[in-house]
Amino acid sequence: MNLCIDQGNSRTKVALFREDGKLIKSFIYRSFHSSEVERLFSLYPISDSIISSVSNVEPAVVNALNRLSKLFILFDHTTPIPIKNLYDTPQTLGQDRLAAAVGGNALLPDTNLLIIDAGSAITYDFVNSDNEYMGGNIAPGIKMRLTVLRQMTKKLPQVEVEENQLIPLFGKNTNDAIAAGVIRGIVFEVKGYMRTLGEKVDSFETIISGGSAPYIINNLHQSVRNEKYLVLIGLNRILEFNKA
26 MNLCIDQGNS
36 RTKVALFRED
46 GKLIKSFIYR
56 SFHSSEVERL
66 FSLYPISDSI
76 ISSVSNVEPA
86 VVNALNRLSK
96 LFILFDHTTP
106 IPIKNLYDTP
116 QTLGQDRLAA
126 AVGGNALLPD
136 TNLLIIDAGS
146 AITYDFVNSD
156 NEYMGGNIAP
166 GIKMRLTVLR
176 QMTKKLPQVE
186 VEENQLIPLF
196 GKNTNDAIAA
206 GVIRGIVFEV
216 KGYMRTLGEK
226 VDSFETIISG
236 GSAPYIINNL
246 HQSVRNEKYL
256 VLIGLNRILE
266 FNKA
């Protein structure tokens, strides 16, 4: 099995893949330490591993993975990947963004792809039909927008939005006005990217991933692909590419 680890801003997502690329187990950790690495290797027949992080990985985690794996990859901008990266500053590109791009390309090769990862931040990335990563944009995520509205104003309340909450076009109270402003603002943002990209390429597919993806999809009312494990799929593809 392959062990793939995606350390994000608020949680660590872990998945186990078979050699045929099928995801068979997934886990979410609020904190991830070397003891969890030891536990996973003791429970499952893991041979190779890869870890990606938006921040620094604990040395103890790296040491454990390196010691227990036949092949271990600490994913960064120097790691060989199966698509061409045309970002001007690859050393500053978020590893989760690049892994998501590889994951999208693994699912839909030779296809123009708009890849949206809706987490703490929302990223919009484009992979073209020549299997080239062309770059992308970063915007505040849902929780970030709600929090900033509270922190940067004197009277607006902190608002929480439920995943399946009915979002009006225009709010009739302040809480609904904030919820609608944030969620619909993001939905209009997504629609804008889709419309503009559609004017520039003959055809493309949209893949949405991340913990906040349902908030967008439930209000988007357009055909998109929701792939919960996109970054992990990309990490597994990168691991297999380097094994080959």
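Following the working numbering, the numbering of the sequence shown begins with 26 at its first residue and continues without gaps. Quick reminder that beta carbons are idealized off the backbone N, C-alpha and C, glycines included.
{"Item": "Cut-off 7 Å between Cβ atoms - residues of its own chain near V127, not counting five sequence neighbours on either side", "Value": "I106, P107, I108, G259, R262 and I263"}
{"Item": "In chain order, each alpha helix (DSSP H) run of at least 4 residues that lies wholly inside the region 194–267", "Value": "199–225 and 238–245"}
{"Item": "For N162: DSSP bridge partner residues", "Value": "Y149"}
{"Item": "Backbone secondary structure at D135 - three-state DSSP", "Value": "coil"}
{"Item": "Spatial distance of I211 from I241 (CA atoms)", "Value": "7 Å"}
{"Item": "Residue from L191, I203 and I192 whose Cα sits closest to the Cα of V173", "Value": "I203"}
{"Item": "Residue range of the unbroken beta strand (DSSP E) whose run includes Q32", "Value": "N27 to Q32"}
{"Item": "Residues near E265 in its chain [Cβ-Cβ closer than 8 Å; skip 5 each side]", "Value": "N27 and G46"}
{"Item": "Best match in R175, E214 and F213 for proximity to T199 [C-alpha to C-alpha]", "Value": "R175"}
{"Item": "Helix, strand or coil at V39 according to DSSP, with G and I counted as helix", "Value": "strand"}
{"Item": "Residues bridged to K50 [DSSP beta-bridge criterion]", "Value": "L41"}
{"Item": "Spatial distance of E44 from P182 (CA atoms)", "Value": "50 Å"}
{"Item": "Sheet register partners of A89 (DSSP bridge)", "Value": "Looking at the DSSP assignment, A89 forms no beta bridge with any residue, so it has no partner."}
{"Item": "Cβ neighbours of L96 in the same chain (closer than 8 Å, five flanking residues each side left out)", "Value": "S72, D73, S74, L264, N267 and K268"}
{"Item": "Pair within 8 Å by beta-carbon distance, R250 and T231", "Value": "yes"}
{"Item": "CA nearest to the CA of E252, picked from P239, T104 and N244", "Value": "P239"}
{"Item": "Pairwise C-alpha distance: F42 and D155", "Value": "27 Å"}
{"Item": "Counted within 10 angstroms of its Cβ, other Cβ atoms place L118 as buried (16 or more) or exposed", "Value": "buried"}
{"Item": "Nonlocal neighbours in the same chain, by C-beta distance under 8 Å from N88, ignoring five residues either side", "Value": "S59"}
{"Item": "A143 (DSSP reduced to helix, strand or coil)", "Value": "strand"}
{"Item": "Cβ-based neighbour list, S6, same chain, cut-off 8 Å, excluding 5 preceding and 5 following", "Value": "There is simply no residue 6 to check, as the chain begins at 26 and stops at 269 in what is shown."}
{"Item": "Neighbour-count burial assignment, Q116, 16 or more Cβ in a 10 Å radius", "Value": "exposed"}
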